[in-house]
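Colleague:
Residue numbers (the UniProt record's numbering): 1 to 971.
Here's what the structure looks like:
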């Protein structure tokens, strides 16, 4: 093999990737060392999902006798143009001539552990229907035989019949995934910027919080105040001579009005808030991915939540199996286990050699008990047993679960869906064990120890579009072919035989009312002729290079006609801990919660009730497509809801929601926003994102979205604040979110405590920084007005620089440690959160309140110093600046609700630094004067007059108009 850097891989190279190595380019999977012709890959760095994915090698290249035969084969490959979608792929591989036995071929390319890749053989590749249709140079292994291109119409050299195979997602390995098993040979089809990983690596739009927008608006207003003051000072001098020069000088002198340091202080504060959140021991493993949004957590109006894995644990537990003639519950599986043992012991007897084993005696007792129950069941016994066996067999075979042995040789199940793992685990627990699964074979172990083997002919994976999956199998013992399907009842019922399925809809509704997720099982037996016809048509559809997806879907739907119902399963997904308490706290805090889920109306409604989304005093209004079929009917239903009781929770299914969002989104949002809670069922990922966007757009309120799966990413990114939960479905939502938590109950603390504190602290910090700049600017204005409007700075050099830095920065910034109320009080009275949502902490009213406060204190400090003026101008500066520093320290102290040791330290350190600077900066301070009692008496008088009246005003206002938390502030 030849090693080269990964950057030098080109389209057409064959690369070798060993187990636990990362794939360096998008490749077609040609061959593996595993005899099954498949391998597992890890995709957590691509899509965030932690389960292993099964990939299959191209059949014709996997069947070659040795890896070196790839270099002596002749063929070509069509692939689609590069695009972002990682869940779909279309291509075609044509092997025009397989090699005859020959001497060993030259070594292939290899991808080393150091990140390099070798490429001895260069193959030709390109895109279908893409921008590049040129045929590249043909390179080869020794004889220029294996070619990969975008052009059809080739003929074989020896007149051999070419082998054509359609390529799907199962046949490709995307860059940035990791090979989890085996050694892989792949053909590079996309490299560099054209790989799926790179095309999906674009960063989401940077979110700017409402708080930052408000601060930016205030900065613009301050700039207007600056320009106005400068112009007024120039105008009072009369606009004569070089007045534009004086205008610019005044702009420079008053530039402290512009809070240049505000953004620096806020960025440091946001970083500190993020540290507080991530170090909170009651919210372990919380991660802040966007440090610019902590304040937004304190002003959330709408919370959009997924259900499965967000409100629930996404830990599926089998609860019910209904086979029409009987129903088996979780606590009554003994009878079902006896049925299975009786059937399999009769059809697959245990060898006499094992008859003396305890298990044999247990089974005999089971068979005796079963016979007794059989007499009770009468003639129904045989039918029930047969139906139960077929249903359990379907559960054990129709899935994408792979059994994997761990270090202790115990079998564990790997699957993308927790539902499938729950059903296969249930089948194992009652005796039908999945012991082997690969691309071609499934092996079961049944009661009695017998092994049942099935050949996998075709698999149709589950997709959110079809909401079902299917598999065609051939039983090894009987050679019978049967087609198994499972999926949601909404898509399964139209495909079932009417006979024997009349009970299904009613039982689905009953299961849903119990909060169970339902899956329908069905099958269809196929003759050899029927299967051959389907296989031929399906192979042609898979090889099509245009409209392949719809052609394949058409053939599958034709096969799915006239299915025979086997049974209905109910799986429970329990609520996470403290979900009802969290939702209740958020409701009292004024946050309206919308649950957006893909589940049916009955299941979602049941979860909404059990989770506390619907309070006791609330009623339910359900808008379902069963009774609402047109947009006009949808609008009429919304009008009736708007005129009905205000305490009614709105439940909308996917079709009604789609019609509302398409035809009258503004009216829908206006009506739904009045409800105390909303449940949207059967939502697609796109609909979830649209709901969030429309609510933001038409209400102007801040929205937070929380989810745990890849289907929640678009919703999370559309919200003002996106929160991802690290769940069973992977980390995709967590990685795409602004904040990552491990359970839903953490939202209560994240919003009510950290969000509240962050917003209050930043609001106070921003207003203090603005006040700090305004007061010194107004002192400058008064000083210039007193001295005939001359653009001369009252504070120069170190005083001007030090005022906003080493003299006042630490005390002002220490406000980020303040806590208005104790933690237990905040959680006991979540209603306090509503005061923040109204923007009373930082508003136009509070802004101009600080402006007037700055004007008053500046006037008192400057006029007081002038009134107490003695012989030296230096004395005026000393009195003014000292009174200014002390007034600012007192302002900070009077705003603090809960003292932190660092706050006290910052105040003391500032005083020490200032006194120390008095003795160092001799050009600004007259040491003789500042050592006198006269100086300190004047400073004290000016400081108290500037500070005490403001505190009196605050005390009177608090008495006459006490804030909401006034009675709760004291322990």
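Even glycine gets a Cβ: it sits at the ideal position worked out from N, Cα and C.
Would you give the residue range spanned by the alpha helix (DSSP H) that residue 343 belongs to?
Modeller: Unbroken alpha helix (DSSP H) run through residue 343: 334–347.
Colleague: Less than 8 Å separating the beta-carbons of residue 446 and residue 432?
Modeller: Result yes, Cβ atoms of residue 446 and residue 432 sit closer than 8 Å.
Colleague: Are the beta-carbon atoms belonging to residue 530 and residue 480 less than 8 Å from one another?
Modeller: No, the Cβ-Cβ distance between residue 530 and residue 480 is not below 8 Å.
Colleague: Determine the direct distance from the alpha carbon of residue 73 to that of residue 105, and round the result to whole angstroms.
Modeller: Residue confidence is low: residue 105 scores 38 on pLDDT, short of 50, so the model does not pin down where it sits. No coordinate-derived value is stated.
Colleague: Following the continuous beta strand (DSSP E) through residue 441, name the residue where it begins and the one where it ends.
Modeller: It spans 441–445 - the beta strand (DSSP E) in which residue 441 sits, taken as one unbroken run.
Colleague: With three or more C-beta pairs closer than 8 Å as the rule, is the segment 502–519 touching the segment 596–605?
Modeller: Judged by Cβ distances under 8 Å, the segment 596–605 makes contact with the segment 502–519, as three or more pairs qualify.
Colleague: Return helix, strand or coil for residue 992, following the three-state DSSP convention.
Modeller: Any question about residue 992 goes unanswered here, given that the chain covers just 1 to 971.
Colleague: With DSSP as the reference, label residue 947 as helix, strand or coil.
Modeller: Residue 947 falls in the helix class under three-state DSSP.
Colleague: When the Cβ atoms of the segment 773–780 are set against those of the segment 252–264, are three or more pairs found closer than 8 Å?
Modeller: As far as the Cβ criterion goes, the segment 773–780 touches the segment 252–264, which means the pair count is three or higher.
Colleague: Smallest Cα separation from residue 312: which of 189, 939, 708?
Modeller: The shortest C-alpha separation from residue 312 is found at 708.
Colleague: Would you mind working out which of 865, 517, 429 sits nearest residue 334, comparing C-alpha positions?
Modeller: Closest option to residue 334, Cα to Cα, is 429.
Colleague: Does the Cβ of residue 748 have 16 or more other Cβ atoms within 10 Å, making it buried, or fewer, making it exposed?
Modeller: With 16 or more other Cβ atoms within 10 Å, it is buried.
Colleague: Using the three-state DSSP reduction, which class does residue 59 fall into: helix, strand or coil?
Modeller: It is helical.
Colleague: Grab me the residues of residue 750's own chain with a C-beta within less than 8 Å of its C-beta, minus the 5 sequence neighbours each way, in chain order.
Modeller: Around residue 750: 277, 283, 286, 297, 723, 739, 741.
Colleague: Could you pull the start and end residues of the beta strand (DSSP E) that residue 518 belongs to?
Modeller: Per DSSP, residue 518 belongs to the beta strand (DSSP E) from 516–526.
Colleague: Below 8 Å, how does it come out for the segment 239–249 and the segment 184–204: are there three or more Cβ pairs, yes or no?
Modeller: No: the two stretches stay apart, fewer than three of their Cβ pairs being nearer than 8 Å.
Colleague: Name the residue from 931, 874, 851, 918 whose alpha carbon lies nearest to the alpha carbon of residue 802.
Modeller: Of the candidates 931, 874, 851, 918, the one whose C-alpha sits nearest the C-alpha of residue 802 is 918.
Colleague: From residue 907 to residue 769, what does the alpha carbon distance come to, in whole angstroms?
Modeller: Near 16 Å, if we compare the C-alpha coordinates of residue 769 and residue 907.
Colleague: Give the range of the beta strand (DSSP E) segment to which residue 451 is assigned.
Modeller: Here the beta strand (DSSP E) through residue 451 covers 451–460.
Colleague: Which residue comes first and which comes last in the beta strand (DSSP E) that contains residue 708?
Modeller: First-last for residue 708: undefined, no H or E at that position.
Colleague: Between the C-alpha atoms of residue 896 and residue 420, what's the straight-line distance to the nearest angstrom?
Modeller: Distance between the alpha carbons of residue 896 and residue 420: 56 Å.
Colleague: With a CB to CB cut of under 6 Å and the five nearest residues on each side skipped, what residues in its chain are close to residue 519?
Modeller: So the list reads 486, 569, once near-sequence residues are dropped.
Colleague: With the cut-off set at 8 Å, would you say residue 339 and residue 415 are in Cβ contact?
Modeller: Against a cut-off of 8 Å, the Cβ pair of residue 415 and residue 339 comes out as no contact.
Colleague: Could you tell me if residue 492 is buried or exposed, where buried requires 16 or more neighbouring beta carbons within 10 angstroms of its beta carbon?
Modeller: Counting Cβ neighbours within 10 Å, residue 492 comes out buried, since at least 16 surround it.
Colleague: Would you report the Cα separation of residue 642 and residue 685, rounded to the nearest angstrom?
Modeller: Approximately 27 Å, taken between the alpha carbons.
Colleague: Give me, in chain order, the residues of the same chain whose beta-carbon lies closer than 6 Å to that of residue 926; leave out the 5 immediate sequence neighbours on both sides.
Modeller: Here the set comprises 874.
Colleague: Which value, in whole angstroms, describes the spacing of the CA atoms of residue 80 and residue 580?
Modeller: One C-alpha to the other measures close to 49 Å.
Colleague: Any chance the segment 556–564 sits against the segment 629–646, with 3 or more Cβ pairs inside 8 Å?
Modeller: They do not touch, by the three-pair rule.
Colleague: Using only the alpha-carbon positions, how far apart do residue 616 and residue 573 sit?
Modeller: If I take the Cα positions, the gap works out to 23 Å.
Colleague: Can we say the segment 775–793 touches the segment 303–317, given the rule of at least three CB pairs closer than 8 Å?
Modeller: Short answer: they don't touch.
Colleague: Spell out a yes or no on whether the segment 677–691 and the segment 646–661 are touching, meaning 3 or more CB-CB pairs, one atom from each, closer than 8 Å.
Modeller: Yes, the segment 677–691 is in contact with the segment 646–661.
Colleague: In the DSSP assignment, what residue or residues form a beta bridge with residue 414?
Modeller: Residue 414 pairs with 402.
Colleague: What is the C-beta distance between residue 179 and residue 21, in whole angstroms, given that I count them as a contact (C-beta under 8 Å)?
Modeller: Going by Cβ atoms, the distance from residue 179 to residue 21 rounds to 6 Å, so yes, they are a contact pair.
Colleague: Determine the DSSP secondary structure at residue 270, reduced to helix, strand or coil.
Modeller: Of the three classes helix, strand and coil, the one that applies to residue 270 here is helix, per DSSP.
Colleague: Under 8 Å: do the segment 751–764 and the segment 823–833 share three or more Cβ pairs, one atom per stretch?
Modeller: Touching, yes, given that three or more Cβ pairs across the two stretches are closer than 8 Å.
Colleague: Just how far apart, CA to CA, sit residue 384 and residue 504?
Modeller: One C-alpha to the other measures close to 16 Å.
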